[in-house]
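As given, the protein sequences belong to chains A and B, one line each in that order. Note that my numbering numbers the first sequence so that position 61 is 61, with each residue one more than the last. Note that my numbering numbers the second sequence so that position 136 is 1136, with each residue one more than the last.
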Amino acid sequence: MNNKQFLNELSDKCQIGAEQAATQVEQLIGVMEKIWQDGDSVSLSGFGVLEVKKKNERVSVNPTTGVRMLVPPKLVLTYKPSSLLKEKLK
Amino acid sequence: MDNKINLSQLAERLAQEGGMSKAAAEQFVKNFFDIISQRVLVEGLVKVKGLGTFKLIQMEDRESVNVNTGERFTIEGHQKISFVPDADLKDRINKPFAAFDTVEISKEQAEALSRMDEEDEQEAVAPVAPAAPEIPAAPEKPAVSEKPAEEPKKSAKEKRLEQKQAKKAEEAKMKAQKQQEKKEAAKVVDTPTVKDITQKKGTRCLLKVLIAILTMILVIGLVLFMLWPVVGNSVLDIVEKNLNKAKIEMVSDSVKTVAPAEVAPVKAVEAPAETESAKPAESPAVKPAQPQQKPAEPAVKPAKTPAGTDALTAAKYPVIKLNSKDEAKDLSEFTLADVVNYSMEGVLDTYTLKKGETLTIVALNYYGSKKLWPYIAKYNNIKDPARLKAGTVVKVPVLKSK
Chain A
1 MNNKQFLNEL SDKCQIGAEQ AATQVEQLIG VMEKIWQDGD SVSLSGFGVL
51 EVKKKNERVS VNPTTGVRML VPPKLVLTYK PSSLLKEKLK
Chain B
1001 MDNKINLSQL AERLAQEGGM SKAAAEQFVK NFFDIISQRV LVEGLVKVKG
1051 LGTFKLIQME DRESVNVNTG ERFTIEGHQK ISFVPDADLK DRINKPFAAF
1101 DTVEISKEQA EALSRMDEED EQEAVAPVAP AAPEIPAAPE KPAVSEKPAE
1151 EPKKSAKEKR LEQKQAKKAE EAKMKAQKQQ EKKEAAKVVD TPTVKDITQK
1201 KGTRCLLKVL IAILTMILVI GLVLFMLWPV VGNSVLDIVE KNLNKAKIEM
1251 VSDSVKTVAP AEVAPVKAVE APAETESAKP AESPAVKPAQ PQQKPAEPAV
1301 KPAKTPAGTD ALTAAKYPVI KLNSKDEAKD LSEFTLADVV NYSMEGVLDT
1351 YTLKKGETLT IVALNYYGSK KLWPYIAKYN NIKDPARLKA GTVVKVPVLK
1401 SK
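Given below as structure tokens:
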């Protein structure tokens, strides 16, 4: 399901125009981004948790050349599905 | 920070941002995530521009080991929802760390990095090692601050002796360890590598302990050296008074009983060595030099067997034959005997311990003999007399001989 299909379904469900759906999606993502930048997480029942986690720096070795690289720390957006959703997978 | 934003909070913020009603916003957010979770199950892939891709992926069967039992078992293949954030979003999230780049480093640098980590770990462990040699001497420590001092030379000698004793105990321990290791090594003769490892471990252990002892001695010497001029003069008077008292004390002690007498003088003599404050001022010039000599002496004969050191000690100081182990045994023996000789009847006085004081000092002050400290310990239910804190209030019982 690509973005276009997604927007269509969303606009159908909410009974709004496709353009409005697109702007609202942008706004929603903007709001969530601010939440993540504050260090908070977005937690929705039935869906899961979207949160930013910090990965520590580490030394990685290229197995073929043996070159050592110092990988810097980074912030990564992670998603953890809710147990409800996981149940549905089975 | 670390707050969990739920559906209604998220909708509220969206309503503010987009100028729509809260109900509509909530409905919109709910639909947004409902579609994702439903469609990802049905179609296996949902792409949302600006957010990222949700994807259903198949995990293969894999083997794992039960951490507790060590049993192998298979984790059966299952499906998993993965999320890959949009590249733009990813960069924006990582903005605080965007300045860092992956750097190529040399082998040496990598090793230095891992060494740094190891050092951090060792630092946590290190304080334990230097403390160890002190433990055998701990019970005597108390006697110190008010305790009389013999001539400085002697006290210095005693100190050396004490350190030797501590070392002896350490060495004995090491020996036992070594023997055990040897036994272990003998068991696995077939595999010489294992033997090597155990021996290496042994030598490393020995080295560590030796270094720890040496640093201890150095530190004590330094502290003595630095504190001497400050404390020395002010204590002079007290020391002289106590000196006479202690001498009388010692004589009477040794007359009283034979077995405890052996221990008592040792205590009296060892005590002064322990503190700087008790140091006599008779020869201040000689003093500073001595602490520096000390570290050298134990270093010269580190490999001596306990028996050899024992004989040496005995020759130099005929009074002190006991090594720390025997001493501890004797101490407990006369402790028991003494408690039998007297009965405790009523409270004579209560006393608040000052810094550096111990039950032996209290006993000395009230009964005129430090050997009687176990009564105070027993009367106050003190289980660990070696670790009393300043400010502890003790009741001093009246003693009546049976």
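No residue lacks a Cβ here, since even glycine has one placed at the ideal position from N, Cα and C. Since the structure is predicted, the reported quantities are computational estimates derived from the model, not experimental observations.
Rounded straight-line distance, which links the Cα of residue j to that of residue i
{"i": "residue 1216 of chain B", "j": "residue 1209 of chain B", "result": "11 Å"}
{"i": "residue 1384 of chain B", "j": "residue 1358 of chain B", "result": "11 Å"}
{"i": "residue 1066 of chain B", "j": "residue 1072 of chain B", "result": "6 Å"}
{"i": "residue 40 of chain A", "j": "residue 74 of chain A", "result": "16 Å"}
{"i": "residue 1204 of chain B", "j": "residue 33 of chain A", "result": "54 Å"}
{"i": "residue 1104 of chain B", "j": "residue 1078 of chain B", "result": "38 Å"}
{"i": "residue 1393 of chain B", "j": "residue 1351 of chain B", "result": "6 Å"}
{"i": "residue 1108 of chain B", "j": "residue 55 of chain A", "result": "24 Å"}
{"i": "residue 1398 of chain B", "j": "residue 1361 of chain B", "result": "16 Å"}
{"i": "residue 2 of chain A", "j": "residue 17 of chain A", "result": "18 Å"}
{"i": "residue 78 of chain A", "j": "residue 1038 of chain B", "result": "19 Å"}
{"i": "residue 1356 of chain B", "j": "residue 1223 of chain B", "result": "16 Å"}
{"i": "residue 63 of chain A", "j": "residue 1014 of chain B", "result": "47 Å"}
{"i": "residue 46 of chain A", "j": "residue 1086 of chain B", "result": "22 Å"}
{"i": "residue 1049 of chain B", "j": "residue 29 of chain A", "result": "10 Å"}
{"i": "residue 38 of chain A", "j": "residue 5 of chain A", "result": "31 Å"}
{"i": "residue 1029 of chain B", "j": "residue 66 of chain A", "result": "48 Å"}
{"i": "residue 1023 of chain B", "j": "residue 1098 of chain B", "result": "38 Å"}
{"i": "residue 1388 of chain B", "j": "residue 1382 of chain B", "result": "9 Å"}
{"i": "residue 25 of chain A", "j": "residue 11 of chain A", "result": "10 Å"}
{"i": "residue 53 of chain A", "j": "residue 90 of chain A", "result": "28 Å"}
{"i": "residue 1047 of chain B", "j": "residue 1118 of chain B", "result": "45 Å"}
{"i": "residue 13 of chain A", "j": "residue 1082 of chain B", "result": "25 Å"}
{"i": "residue 1068 of chain B", "j": "residue 1075 of chain B", "result": "16 Å"}
{"i": "residue 1055 of chain B", "j": "residue 85 of chain A", "result": "13 Å"}
{"i": "residue 1021 of chain B", "j": "residue 1005 of chain B", "result": "19 Å"}
{"i": "residue 44 of chain A", "j": "residue 1007 of chain B", "result": "6 Å"}
{"i": "residue 1401 of chain B", "j": "residue 1391 of chain B", "result": "30 Å"}
{"i": "residue 1036 of chain B", "j": "residue 1100 of chain B", "result": "34 Å"}
Opposing strand residues paired with residue i [DSSP bridges]
{"i": "residue 77 of chain A", "result": "A:52"}
{"i": "residue 1052 of chain B", "result": "B:1048 and B:1085"}
{"i": "residue 1342 of chain B", "result": "B:1401"}
{"i": "residue 1074 of chain B", "result": "B:1063"}
{"i": "residue 1079 of chain B", "result": "B:1058"}
{"i": "residue 1004 of chain B", "result": "A:41"}
{"i": "residue 1029 of chain B", "result": "Residue 1029 of chain B pairs with nothing; no bridge assigned."}
For residue i, three-class secondary structure by DSSP
{"i": "residue 1350 of chain B", "result": "strand"}
{"i": "residue 1216 of chain B", "result": "helix"}
{"i": "residue 39 of chain A", "result": "coil"}
{"i": "residue 1020 of chain B", "result": "coil"}
{"i": "residue 23 of chain A", "result": "helix"}
{"i": "residue 1105 of chain B", "result": "strand"}
{"i": "residue 1393 of chain B", "result": "strand"}
{"i": "residue 1303 of chain B", "result": "Confidence in residue 1303 of chain B is poor, its pLDDT being 39 and thus under 50, which makes the residue's placement too unreliable to answer from."}
{"i": "residue 44 of chain A", "result": "strand"}
{"i": "residue 1 of chain A", "result": "coil"}
{"i": "residue 1063 of chain B", "result": "strand"}
{"i": "residue 28 of chain A", "result": "helix"}
{"i": "residue 59 of chain A", "result": "strand"}
{"i": "residue 1371 of chain B", "result": "helix"}
{"i": "residue 1042 of chain B", "result": "helix"}
{"i": "residue 71 of chain A", "result": "strand"}
{"i": "residue 91 of chain A", "result": "What is shown of chain A runs 1 to 90, which leaves residue 91 of chain A out entirely."}
{"i": "residue 64 of chain A", "result": "coil"}
{"i": "residue 1360 of chain B", "result": "helix"}
{"i": "residue 1034 of chain B", "result": "helix"}
{"i": "residue 6 of chain A", "result": "helix"}
{"i": "residue 1365 of chain B", "result": "helix"}
Nonlocal neighbours in the same chain, by C-beta distance under 6 Å from residue i, ignoring five residues either side
{"i": "residue 61 of chain A", "result": "68"}
{"i": "residue 1349 of chain B", "result": "1396"}
{"i": "residue 88 of chain A", "result": "none"}
{"i": "residue 1373 of chain B", "result": "1359, 1360 and 1363"}
Cut-off 7 Å between Cβ atoms - residues of its own chain near residue i, not counting five sequence neighbours on either side
{"i": "residue 1380 of chain B", "result": "1394 and 1395"}
{"i": "residue 80 of chain A", "result": "48 and 49"}
{"i": "residue 1016 of chain B", "result": "none"}
{"i": "residue 1089 of chain B", "result": "1050, 1051 and 1052"}
{"i": "residue 57 of chain A", "result": "70, 71, 72 and 73"}
{"i": "residue 1375 of chain B", "result": "1339, 1342, 1344, 1397 and 1399"}
Neighbourhood of residue i by C-beta distance below 8 Å, restricted to the same chain and skipping five residues each side
{"i": "residue 1044 of chain B", "result": "1055 and 1056"}
{"i": "residue 1041 of chain B", "result": "1056"}
Return the residues of the segment 1013-1032 of chain B that lie within a Cβ-Cβ distance of less than 9 Å from chain A, sorted by chain order. Listed by position, the residues of the segment 1013-1032 of chain B near chain A (Cβ gap below 9 Å) are 1013, 1014, 1016, 1017, 1018, 1020, 1024, 1025, 1027, 1028, 1029, 1030, 1031 and 1032.
Scan the segment 1052-1078 of chain B for residues whose Cβ lies nearer than 9 Å to a Cβ of chain A and list them as they occur along the chain. Those residues of the segment 1052-1078 of chain B that come within reach of chain A (Cβ to Cβ, closer than 9 Å) are 1052, 1054, 1056 and 1078.
Under 7 Å (Cβ pairs) to chain B, residues found in the segment 4-24 of chain A: If the cut-off is 7 Å between Cβ atoms, the segment 4-24 of chain A has 6, 9, 10, 13, 14 and 24 near chain B.
Would you list, in chain order, the members of the segment 1100-1121 of chain B that have their beta-carbon closer than 9 Å to a beta-carbon of chain A? Sequence-ordered contacts of the segment 1100-1121 of chain B with chain A read 1100, 1101, 1102, 1103, 1104, 1105, 1106, 1107, 1109, 1110, 1113 and 1114 [C-beta pairs closer than 9 Å].
In the segment 32-44 of chain A, which residues sit with their C-beta less than 9 Å from some C-beta in chain B, listed in chain order? Flagged, chain order: 32, 33, 34, 35, 36, 37, 38, 39, 40, 41, 42, 43 and 44.
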